[in-house]
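Undergrad: Residue numbers (the numbering used here): 37 to 113. Handing you a structure now.
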């Protein structure tokens, strides 16, 4: 008998991708700045708003904005 698996959201991280110079081939390099321990109830709209606020404090606007979610998997009867 197969057990059902439940996915539970445990952590949300917002990542902003920013320019980080160029490599030896003159191609743009990027790095991520992460903001952790955000509310697991935060909506994508609210996270985007927060990302734009943080981005506004930077010398150059972020090139990308990402939500990283961490989940646990649990067997349920």
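Note that CB positions come from ideal geometry on N, CA and C, so glycine has one too. All figures in this text were calculated on a predicted structure; none of them were measured in a lab.
Under the three-state reduction of DSSP, which class applies to residue 89: helix, strand or coil?
TA: Taking the first residue of the chain shown as 1, we reach residue 89 at position 53. Residue 89: helix per DSSP, three-state reduction.
Undergrad: Any beta carbon from chain B within less than 8 Å of residue 107's own beta carbon?
TA: Here there is only one protein chain, and chain B is not present.
Undergrad: According to DSSP, simplified to helix, strand and coil, what is residue 80?
TA: Residue numbering aside, residue 80 sits at position 44 when the chain shown is read from its first letter. Reduced to three states, the DSSP call for residue 80 is helix.
Undergrad: When you compare the CB positions of residue 50 and residue 74, do they come within less than 8 Å of one another, or not?
TA: Residue 50 sits at position 14 when you count from the first residue of the chain shown. Residue 74 sits at position 38 when you count from the first residue of the chain shown. Result yes, Cβ atoms of residue 50 and residue 74 sit closer than 8 Å.
Undergrad: Of all the options 62, 90, 85, which has the alpha carbon lying nearest to the alpha carbon of residue 69?
TA: Counting from one through the chain shown, the residue named residue 69 turns up at place 33. Of 62, 90, 85, the residue nearest in Cα terms is 90.
Undergrad: Which term fits residue 87, buried or exposed, when burial requires 16 or more other beta carbons within 10 angstroms of its beta carbon?
TA: Taking the chain shown and counting its residues from 1, the one referred to as residue 87 is at position 51. Answer is buried; the Cβ neighbour count reaches 16.
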